[in-house]
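Data first, discussion second: the structure below is written as structure tokens.
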Amino acid sequence: MKGLLRKETGIFILLLVVCIATALKSHQFLGVENLQNTSRLIGMYGIFSIGAGLVIITGGIELSVGSMFALLGVILAILLTDKHWNPIAAIVTIVLLGTGLGAFHGFLITRVKLQPFIVTLCGLLFYRGIARFVADDQTKGFGDAVGFEGLQKFATSNVLGVPMPFVMLIVLSVVMWVVLHRSVYGRHLFAVGRNEEAARYSGINTKRVIASAYVISGLLAGVAGIMIAFYTNSISPSSHGNFYELYGIAAAVLGGCSLRGGEGTIIGIILGTILLQVLQNLVNLLGIPSSLNFAVMGAVILLGVLADQLLSNRTPRKRTA
Amino acid sequence: MNPIVEVRGAVKRYPGVTALGGVSLKVFGGEVVALIGENGAGKSTLMKILGGLVHPDQGEILIDGKPVQISSVSVATSLGISLIHQELNTLDNIDVAGNVFLGREPSRFGIIDRAKMRADAKELLDRLGLPISVDTSLQKLSLAQKQMVEIAKALSLDAKVLIMDEPTSSLTLTETEQLLKIVEDLRKRGVGIVYISHRLGEVKEIADRVVGMRDGQNAGEIPKEEITHERMVKMMVGRDLDRSSVVTESTAKEDRLVVRDLRTKRYPACPISFEVKAGEVFCLSGLVGAGRSEVVQTIFGTDASQGGTVALDGKKIRSGNPHDAIEAGICLVPEDRRNVGLIVEWSVKNNITLPGLEKFARVGLIDRGMESEAASVQSKSLGVKTPNLDAAVSNLSGGNQQKVVVGKWMLQNPKVLILDEPTRGVDVGAKAEIYQLMRGLTAQGVAILMVSSDMEEVLGVSDRVAVMHEGSISGVLPRKDCSEEAIMRLAVGKENHA
Ligand SMILES: Nc1ncnc2c1ncn2[C@@H]1O[C@H](COP(=O)(O)OP(=O)(O)OP(=O)(O)O)[C@@H](O)[C@H]1O
Ligand SMILES: [Mg+2]
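As you go down the protein sequences, you meet chains A and B in turn.
Each residue of the first sequence is one higher than the one before, starting from 1 at the first, in my numbering.
Each residue of the second sequence is one higher than the one before, starting from 1001 at the first, in my numbering.
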């Protein structure tokens, strides 16, 4: 337990350092507009990163969310602009679709006993392909949003100056914090991730618990997918959401989730998300060539994980025998 | 003559515990030193220091009179020290031969010499009297068989000093005798042996000298001529222990657990039938590999059943899922505590409350006060020695880990409690505690199904004993007909002519 606390402290300090450095170099960083925009991104990324984290806590991995965003975004645009669906019905459909895909992954992983990496890698390829096919490889947009102005406004609005996605992230994190760190279900998630056999011997329905993590991840991807679609306002099926699954995984790992499973916290995942977005922001503000974007991010993640490794090396490593 | 190995004033502190507070030990070539002490006395820690796994805060180690630093396992090996660990260190995905020679594979130009490896491994297994093929993958073996592989691995080193940390805790009489013969043989060849065990009978049989430890200190020594059960117990516990049998004649009447034609994965051709009455202790006995654990695993649902039925109080149990079994009131304390019995990285508290966590929750949210309270009561009643309830189970001594597994399931108020080697590695005092708790449960009508390799335990606590031989029950003995001879006859497959 102390280890986890230390992990979060580590990334928190890293985040502070990066923020202070950026603020000193660029006065725009703390400007209202920049803060609003960054927190909007944090909100959207944070929501699906929580899902990625849950799956990682069970010892699995979810690689398909980026492609899911493309597929869901394209379908959302078609439902609203071409088919003129009722906006409420459309978003409910999208969220259910995301949840359903998650459930399908959970089924393949726990019942058919396929490896999570393989199942979700196939998802990554498959959903991207379907998205392009459905959209005829054309960019889909929301145009003037005739008939769903309210929905678009809701997704892109601010509450007391705070962007909607960020508000939703706060609400969802509080809920998920309680679920993960205070509920029976949360304890079972950690148990399954740490030692699946021991969890099964303790009477935990391990298959159901593992599958549920993918379901929640799919649901959160559905919610985030809608926000992201309205944020970009046009969905190019071949590039929309590219690499987003890796942002989610990176946020979770930076925040202390172990890829071996059984470890991680909501606070850590949120801090990880914030750090990634601030880095992105830093690249933009400091005029670093945007081609170096990924290089900066990769370097910082490596540093974060290295620092964590050095800290936790003091405690003996878990034996795998 | 110099001792072959000597430890002087070893100190090892962990946060909240002093595992060793200045212990000394001498082992001469050609003698068997038995090291005894209660759970958590520091025996394994002392041995891990010799094995290069733990580094002492203070103290000196001398080999043949010369001071040495044992900084790693390979240093220990090169100094001629070989250690059989209390907890298994075998790899499940590799076969027997590969495990025996792990890290020391015989090779030619970097290519493993399979033929030599298999031949050498086979010879070792034959010496141990273990009738399994060297090509068997470890995951197919029972805990006791894995333990034998571990022993073979230690023997393959041809060490000057052989340390055996509870080598027999999962072995039955037959394998134990085989092992003791080997120890005898090594002693004749001048090897110095440290033998740790909570089975005082075998200690008496094999030891040339008994060294006692208590709370990380030396607690005395008994020369061969003076070794008695009472003296050993007194040295360990510091006082006399009442050794009266806790068994009361059971008044069991109606059948609680009825097993009919159950077929296990290991022995699908051998249907097993028996019943356990409310309020009795029913024991499955037999040799290692007879299929006892498979039977209880199949009843509990962690092994897939190959046919047959299990009924509790007349109602059939859906098989194949421990979740359903627990719901119905059947609980299992598994033999392999480290891999399936516990989540060893977790705290004592979280382990104890994991099954049936719902009991400590309202609308799905855990009431942490209630949880701590229950865990604390349970760990006190079993005398778990731990700095606090939030300590990771992996930091506990082996016997104390076992108490946590037993405690975790006793908290469930089961109707049928299945205990697979319930006192593996548990010291004499705590054993008596556990038997007492078992009797408390049977008095409330709980049916107990026990698998045990410890003959003293089988004879001491069972109301009826079913003896298994190669997958089938070869006989059921009521308490009055139980004796070591009767059980052994059935265990090796001879009919009892009664
Ligand atoms: N890695 C560790 N971290 C913290 N405490 C430890 C660690 N290893 C051992 N201890 C503590 O040191 C003490 C001695 O443990 P040790 O395993 O040597 O006991 P033991 O005599 O072998 O007992 P047993 O008969 O149960 O095997 C125990 O109180 C145990 O909790
Ligand atoms: Mg020990």
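Built from N, CA and C at the ideal position, the CB exists for glycine as well.
Output the residues surrounding ligand 1, defined as those with a CB atom closer than 5 Å to any ligand heavy atom, in chain order. 1014(B), 1017(B), 1019(B), 1039(B), 1040(B), 1041(B), 1042(B), 1043(B), 1044(B), 1045(B), 1395(B), 1396(B), 1397(B), 1398(B) and 1399(B)
Keeping to the same chain, check which residues put their C-beta closer than 8 Å to that of residue 1116(B); ignore five residues upstream and five downstream. 1106
Does the Cβ of residue 265(A) have 16 or more other Cβ atoms within 10 Å, making it buried, or fewer, making it exposed? buried
Taking 7 Å as the line, does the beta carbon of residue 1165(B) fall inside it for any heavy atom of ligand 2? yes
Using 8 Å as the limit for Cβ to Cβ distance, is residue 1334(B) near chain A? yes
Give me, in chain order, the residues of the same chain whose beta-carbon lies closer than 8 Å to that of residue 1396(B); leave out the 5 immediate sequence neighbours on both sides. If we look at residue 1396(B) and ignore the five residues flanking it on each side, its Cβ neighbours are 1040, 1348, 1384, 1385, 1386 and 1404.
Can you round the beta-carbon distance between residue 1023(B) and residue 1216(B) to whole angstroms, since I take them to be within the 8 Å contact cut? Contact annotation, residue 1023(B) with residue 1216(B): C-beta distance approximately 7 Å; criterion of less than 8 Å satisfied.
Less than 7 Å between the CB of residue 1147(B) and some heavy atom of ligand 3, yes or no? The model depicted lacks ligand 3 and carries ligand 1 and ligand 2 instead.
Residue 47(A) and residue 75(A) closer than 8 Å at C-beta: no
Along chain E, in chain order, which residues have C-beta atoms closer than 7 Å to that of residue 171(A)? No chain E is present in this structure, whose protein chains are A and B.
For a contact defined as C-beta to C-beta under 7 Å, what are the partners of residue 203(A) on chain B? The contacting residues are 1322, 1323, 1326 and 1355.
Going by the C-beta, is residue 1086(B) closer than 7 Å to any heavy atom of ligand 2? yes
Given a threshold of 16 other Cβ atoms within 10 Å of its Cβ, counted over all protein chains shown, does residue 295(A) qualify as buried or as exposed? exposed
Span of the alpha helix (DSSP H) holding residue 1389(B)? Where residue 1389(B) is concerned, there is no enclosing alpha helix (DSSP H), given that its DSSP letter is neither H nor E.
Can you pull the chain A residues whose beta carbon is under 7 Å from the beta carbon of residue 1343(B), in chain order? Within chain A, the residues near residue 1343(B) are 191, 194, 195 and 198.
Go ahead and label residue 1086(B) buried or exposed: buried means 16 or more other beta carbons lie within 10 angstroms of its beta carbon, across all protein chains shown. buried
Within 10 angstroms of the Cβ of residue 1498(B), are there 16 or more other Cβ atoms? Answer buried if so, exposed if not. Only weak support is given to the placement of residue 1498(B): the predicted model assigns it a pLDDT of 43, under 50, and the value that follows is read from those uncertain coordinates. Classification for residue 1498(B): exposed.
How many angstroms separate the CA atom of residue 1269(B) from the CA atom of residue 1486(B)? Spanning the alpha carbons of residue 1269(B) and residue 1486(B) requires a straight line of approximately 25 Å.
Tell me, which residues are paired with residue 1365(B) by DSSP? 183(A) and 1362(B)
Going by beta carbon distance, what residues of the same chain come within less than 8 Å of residue 19(A), once the five residues before and after it are set aside? 29 and 278
Would you be able to state if there are at least three C-beta pairs under 8 Å between the stretch 1187 to 1194 of chain B and the stretch 1147 to 1162 of chain B? yes
Look at the alpha carbon of residue 85(A) and the alpha carbon of residue 97(A), and state the distance between them as a whole number of angstroms. 16 Å
Under 8 Å between C-beta atoms of residue 1011(B) and residue 1020(B): In this structure, residue 1011(B) places its C-beta atom within 8 Å of the C-beta atom of residue 1020(B).
Can you give me the start and stop residues for the alpha helix (DSSP H) that residue 133(A) sits inside? Counting along the chain, residue 133(A) sits inside the alpha helix (DSSP H) bounded by residues 116 to 134.
Determine the closest residue to residue 1091(B) out of 1140(B), 1053(B) and 1046(B), with distance taken between C-alpha atoms. Per the Cα distances, 1140(B).
Classify residue 1184(B) as buried or exposed, calling it buried when 16 or more other Cβ atoms lie within 10 Å of its own Cβ. exposed
Can you give me the start and stop residues for the beta strand (DSSP E) that residue 1010(B) sits inside? Its beta strand (DSSP E) spans residues 1005 to 1014.
Is the beta carbon of residue 1468(B) less than 8 Å from the beta carbon of residue 1286(B)? One thing to note: residue 1468(B) has its Cβ within 8 Å of the Cβ of residue 1286(B).
Take residue 1312(B) as the anchor and find which of 1443(B), 1449(B) and 1392(B) has the nearest alpha-carbon. 1449(B)
Is residue 321(A) helix, strand or coil by DSSP? Confidence in residue 321(A) is poor, its pLDDT being 29 and thus under 50, which makes the residue's placement unreliable; the coordinate value appears in the next sentence. If DSSP states are grouped into helix, strand and coil, residue 321(A) belongs with coil.
Would you mind listing the alpha helix (DSSP H) stretches within the stretch 256 to 318 of chain A that are 4+ residues and don't spill past its ends, in chain order? Every unbroken stretch of the alpha helix (DSSP H) spanning 4 or more residues and falling wholly within the stretch 256 to 318 of chain A is given here in chain order: 266 to 285 and 293 to 312.
So, is residue 115(A) buried or exposed, given that buried needs 16 or more other C-beta atoms within 10 angstroms? exposed
Look at the Cβ atom of residue 152(A), then the Cβ atom of residue 142(A), and state whether they are nearer than 8 Å. Between residue 152(A) and residue 142(A), the CB-CB gap stays under 8 Å.
Under a Cβ-count criterion, where at least 16 other Cβ atoms within 10 Å of its own Cβ denotes burial, should residue 136(A) be classed as buried or exposed? exposed
Check the Cβ of residue 184(A) against every Cβ in chain B and list those closer than 7 Å, keeping chain order. 1357, 1358, 1361, 1364 and 1366
Sufficient close CB pairs (3 or more, under 8 Å) joining the stretch 61 to 78 of chain A to the stretch 235 to 253 of chain A: yes
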